[in-house]
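Chemist:
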Ligand code: HEM
Ligand SMILES: [Cu+2]
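Chains as they are written, first to last, in this note's numbering: chain B, 35 to 269; chain A, 9 to 590.
1. For chain B, find out if any of its Cβ atoms is closer than 8 Å to the Cβ of residue 282 of chain A; answer yes or no.
2. Using a threshold of 8 Å, state whether the C-beta atoms of residue 70 of chain B and residue 57 of chain A are closer than that.
3. Hey, is residue 58 of chain B's beta-carbon within less than 8 Å of any beta-carbon in chain A?
4. Between residue 46 of chain B and chain A, is any beta-carbon pair separated by less than 8 Å?
5. Assign residue 74 of chain A to one of three DSSP states: helix, strand, or coil.
6. Is there a C-beta anywhere in chain B that falls below 8 Å from the one on residue 559 of chain A?
7. On a CA-only basis, which of A/60, A/438 and A/453 is nearest residue 533 of chain A? Give me that one, please.
8. Less than 7 Å separating the Cβ of residue 330 of chain A from some heavy atom of ligand 2?
9. Counting only C-beta atoms, is residue 105 of chain B closer than 8 Å to chain A at any point?
10. Quick check: the Cα distance between residue 78 of chain A and residue 128 of chain A, rounded to an integer number of angstroms?
11. In its own chain, which residues sit with a C-beta less than 8 Å from the C-beta of residue 337 of chain A, not counting the 5 before and 5 after it?
12. Run through DSSP, which three-state label would residue 255 of chain A get?
13. Report whether the distance from the Cβ of residue 283 of chain A to the nearest heavy atom of ligand 2 is below 7 Å.
14. For residue 121 of chain A, write down the residues that DSSP places opposite it in a beta bridge.
15. Have a look at residue 479 of chain A and residue 90 of chain A and give me their C-alpha separation to the nearest angstrom.
16. For ligand 2, is there a heavy atom less than 7 Å away from the beta-carbon of residue 187 of chain B?
17. State the DSSP-derived secondary structure class of residue 348 of chain A, mapped to helix, strand or coil.
18. Does DSSP put residue 563 of chain A in a helix, in a strand, or in coil?
19. State yes or no: is the beta carbon of residue 269 of chain B nearer than 8 Å to at least one beta carbon in chain A?
20. Just reading off the alpha helix (DSSP H) that residue 289 of chain A is part of, what are its end residues?
21. Is there a Cβ from chain A that is less than 8 Å from the Cβ of residue 122 of chain B?
22. By DSSP, does residue 105 of chain B sit in helix, in strand, or in coil?
23. Along the chain, which unbroken stretches of the alpha helix (DSSP H) at least 4 residues long are found entirely within the segment 101-166 of chain A?
24. Let me check you understand the geometry: is the CB of residue 273 of chain A closer than 7 Å to at least one non-hydrogen atom of ligand 2?
25. Looking only at C-alpha atoms, which of B/204, B/162, B/268 and B/149 sits nearest to residue 187 of chain B?
26. Exposed or buried, which one is residue 517 of chain A when buried takes at least 16 other CB atoms within 10 Å?
27. Alpha carbons only, please: which of A/397, A/382, A/303 and A/385 is nearest the one belonging to residue 348 of chain A?
28. Rounding to the nearest angstrom, what Cα-Cα distance links residue 421 of chain A and residue 505 of chain A in this structure?
29. So, with DSSP's three-state summary, where would you put residue 386 of chain A?
30. What I want to know is whether the C-beta of residue 326 of chain A ends up closer than 7 Å to one or more non-hydrogen atoms of ligand 2.
31. Taking only three categories from DSSP, how would you classify residue 409 of chain A?
32. Compile a chain-ordered list of the residues in the segment 183-206 of chain A whose CB is closer than 9 Å to at least one CB of chain B.
33. Between A/310, A/228, A/305 and A/475, which has its C-alpha nearest residue 573 of chain A's C-alpha?
34. Below 7 Å on C-beta distance, what does residue 110 of chain A contact in chain B?
35. What is the DSSP secondary structure of residue 204 of chain A, reduced to helix, strand or coil?
36. Apart from the five residues just before and just after residue 146 of chain A, which ones in its own chain have a Cβ nearer than 8 Å to its Cβ?
Below, the structure written as structure tokens:
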């Protein structure tokens with residue numbers, strides 16, 4: 035591994051330099067900078083969402099731990115191991131929430147959005163800027179549709195009197211969708227910048243970083259959503 | 009953007025300001041942002057210092073200052089602790105030193121995202137303003153203790169349970185956003201903007217410490233962030249993430265099933281790495297101070313780097329040593345005690361290496377070096393008491409006593425502050441172009457160094473006697489002998505003296521800024537890049553037309569046969585040196 039080789043160097047013996055010593059050897063590379071920043075942010079967000087998952091699992095309490103049902107007991111194994119060692123007494127107020135069907139549609143829209151981004155990358159690689167305009171616009175608009183869909187889910191839930199304080203499952207649902215949506219909004223900001231450049235006739239090289247970094251970020255947000263949605267579904 | 013092969017050679021991405029406001033207020037220059045961060049951090053730190061003086065007054069002379077009610081005392085404790093840890097030390101070491109040092113020490117013109125960097129400062133300032141505003145909201149700031157444990161943090165009876173805690177949690181969330189923006193800059197800059205020849209293993213220890221600490225911050229602050237949001241929701245709209253079914257003032261609150269322990273896990277998953285977020289930059293900086301002023305290469309450079317990385321990684325699996333008394337499973341405690349004691353190994357390696365660097369060095373006892381050596385003392389001291397507290401059976405009786413206060417002030421209060429002082433004296437000539445006054449610097453060191461021992465050493469003894477922390481007053485307590493009171497008076501006198509002695513420091517810095525002797529560009533004969541800038545203080549863009557090229561590590565001090573007792577990193581290999589060939 036390159037990093038390991040770096041870290042085992044003996045700098046006190048090595049004077050002078052190779053051409054490949056350090057990224058500075060050929061200056062700051064634009065794409066590498068933006069991508070590094072993005073990957074680190076993905077790390078930050080992953081820790082955040084993982085901790086929410088951990089909190090969620092711990093908060094499940096006794097839910098599903100019906101000794102009469104072996105399957106249910108197995109399902110709560112994750113909880114038992116975590117909760118038992120963490121010293122968190124089991125709560126028994128978990129009431130599963132009924133996931134509105136719209137969430138499935140939203141998930142589909144988000145998948146389409148990711149596909150559009152992936153095609154945008156392809157268009158960029160083959161230098162077809164006319165197509166890129168369409169795929170990029172589609173990627174962003176679909177994300178906006180997704181957000182509108184999530185808001186609609188919120189509104190239907192609230193209209194039927196299901197607010198965050200009405201149960202831990204609902205509370206987590208609002209929390210997770212809000213944080214995920216905020217991350218999407220952040221992505222849309224960069225989408226706006228990149229799309230504006232493309233619509234104004236930018237060269238492929240100028241928008242390459244924006245498209246590639248955004249696309250990966252979109253895929254990441256899709257993965258986060260699928261994991262979170264799955265968690266909501268099985269509990 | 010246009011096509012160019014190397015951005016590093018290109019000065020266009022730098023935003024050259026035209027107006028005074030563009031230069032010093034809405035600045036994107038990492039050096040200006042660093043100064044803004046530092047001044048804000050020190051300013052708010054002074055508030056925390058005054059609060060500690062007030063607490064000490066109450067402890068030594070109970071009831072003398074009438075405005076220190078029990079509620080006010082709790083509020084002072086809380087604000088003091090939170091400000092010191094987050095808004096002073098984290099902001100100063102990473103936002104201040106990180107910003108100033110990273111581009112200069114790795115040979116870059118600026119951070120890679122200068123605009124985000126500027127934003128980071130302004131968002132940080134906003135978090136400070138929100139925090140300070142909490143002194144003026146109805147009910148005052150929160151008095152929940154810096155750990156903010158629910159349920160008490162948000163139930164009636166705790167000072168600031170209404171507005172104060174909301175302000176605190178909001179401020180923390182804003183701070184975390186600011187930190188994340190800055191942090192992404194620091195790590196990306198270190199990884200992507202090093203100049204030619206600056207390999208990772210040629211970076212000075214300072215950069216290693218700041219780099220790894222920033223990664224810790226990026227991975228640890230999200231825990232505090234989600235905890236803050238969840239507690240805010242519990243408090244405002246009545247969810248039950250952390251709030252169990254609870255009866256307050258004979259009324260059953262509208263909560264059920266939440267887990268306060270869950271909050272503790274989240275808090276300390278952040279809280280322990282936070283200790284290293286302030287310690288690692290200090291470790292790095294002190295290594296460079298010691299090497300430079302002892303005219304020796306840092307002993308075991310590679311080991312030092314590895315130790316920083318290993319300590320950083322381990323710091324994520326020790327958090328529950330803060331929760332031994334929370335009623336967790338004994339096996340869990342066993343695991344965390346073990347991991348805690350394992351961290352002592354790389355930490356001890358670092359201490360040995362500092363001492364071995366001093367060993368037979370050509371030691372110049374200049375003020376920065378005094379503080380560096382002072383750090384070795386206070387850090388060993390705090391580290392040893394940490395070994396006590398890391399053991400479950402020893403911690404249980406000592407938990408929540410003054411022993412803990414003594415321990416963590418030594419290890420994460422005083423020690424990093426020693427390094428901060430040393431670092432300020434060390435780099436002041438470069439930052440301002442002036443020299444400070446030596447006599448005043450020495451006076452500042454000796455009063456502070458001896459003073460902190462006078463403050464914190466007796467606290468360990470109070471802890472053994474069982475004096476609890478966060479107590480407004482002891483009252484009639486059979487197990488507390490009269491000597492405790494005497495010790496409290498002594499501690500307070502020492503604390504006020506140390507506090508007042510900081511005036512010497514500020515006077516020295518401000519006076520020297522205007523009237524000090526013009527400083528040499530490299531007064532200590534140091535090797536690293538920040539001393540080799542064409543201008544002192546470094547101009548916008550740092551390096552003039554060409555970036556420096558690095559041919560060697562940062563520790564070529566007292567090399568046999570060399571003309572001087574240091575060889576700057578930009579000096580090509582001499583005829584007797586075997587160049588590195590492949
Ligand atoms: C002259 C300097 C200082 C003095 C005299 C001082 C004094 C005190 C006192 C009297 C307390 C409250 C003890 C209690 O009633 O439980 C306290 C708590 C605390 N201090 Fe300091 N302190 C100083 C500097 C620092 C620094 C530099 C830090 C940075 C890490 C720090 C961090 C804390 C923390 C985290 C707490 C705990 C707050 C809580 O219990 O919620 N202090 N300090
Ligand atoms: Cu800890």
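Where a beta carbon is used, it is the ideal one built from N, C-alpha and C, also for glycine.
Modeler: The relevant details are as follows:
1. no
2. no
3. With a pLDDT of only 49 at residue 58 of chain B, under the threshold of 50, the placement of this residue in the model should not be trusted; the figure read from the coordinates follows. Yes, because at least one Cβ of chain A sits closer than 8 Å to the Cβ of residue 58 of chain B.
4. yes
5. coil
6. yes
7. A/438
8. yes
9. Bear in mind that the predicted position of residue 105 of chain B carries a pLDDT of just 48, short of 50, making it unreliable; the figure below should be weighed with that in mind. Not an interface residue.
10. 37 Å
11. none
12. strand
13. yes
14. Answer by DSSP bridge pairing: none, since residue 121 of chain A is not bridged.
15. 17 Å
16. no
17. helix
18. coil
19. no
20. 268-302
21. yes
22. Here the model assigns residue 105 of chain B a pLDDT of 48, short of 50, so the residue's position is not dependable, and the following value carries that caveat. If DSSP states are grouped into helix, strand and coil, residue 105 of chain B belongs with the helices.
23. 107-114 and 122-141
24. no
25. B/204
26. buried
27. A/397
28. 17 Å
29. helix
30. yes
31. strand
32. 188, 191, 192, 193, 195, 196, 197, 199, 200, 201, 202, 203, 204, 205 and 206
33. A/305
34. Here the premise fails: no neighbours, minimum Cβ distance about 13 Å.
35. coil
36. 170 and 171
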